[in-house]
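Peer 1: When the letters of the sequence shown are read in order and numbered with our numbering, they come out as residues 353 to 439.
Built from N, CA and C at the ideal position, the CB exists for glycine as well.
Below you will find the structure I want to go over with you.
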Amino acid sequence: MTLSRREFISGASAAAALSGVSPASLSGVRPVVGIASKDDPLGVRSDFPVVEQSVYLDSAYITPSPLQAVEAAQAFAEAKARDPVSL
353 MTLSRREFIS GASAAAALSG VSPASLSGVR PVVGIASKDD PLGVRSDFPV VEQSVYLDSA
413 YITPSPLQAV EAAQAFAEAK ARDPVSL
């Protein structure tokens with residue numbers, strides 16, 4: 353029996369949808385849900401301090417970083433300063 357590409361993708365998609373397993377449940381990480389409002393329907397505006405003064409409509413190239421990314425980068429840099437990789 354030959355399986356076409358379309359049939360394979362249909363079957364794989366159906367299996368994934370029916371399994372009920374999400375990537376977040378596999379990693380044990382729960383998504384952080386902010387408080388939604390009329391001006392911030394996703395509740396993430398507070399994660400981007402720069403948007404207090406500006407609005408980014410097209411940020412494909414130059415985009416503000418969320419606080420979580422800044423904190424992760426700072427933690428990485430501090431860890432590298434304390435214990436750099438041995439060569």
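Suppose you measure from the CA of R358 to the CA of A369; what does that come to, to the nearest Å?
Peer 2: C-alpha separation (whole angstroms): 16 Å.
Peer 1: In chain order, what residues of the same chain lie with their CB nearer than 6 Å to the CB of A412, ignoring the 5 residues before and after it?
Peer 2: So the list is empty, once near-sequence residues are dropped.
Peer 1: With H, G and I counted as helix, E and B as strand and the rest as coil, what does DSSP make of F400?
Peer 2: F400 falls in the coil class under three-state DSSP.
Peer 1: Since I believe V437 is in contact with P416 (beta carbons under 8 Å), could you give me their beta-carbon distance rounded to a whole number of angstroms?
Peer 2: About 30 Å separates the two Cβ atoms, so there is no contact after all.
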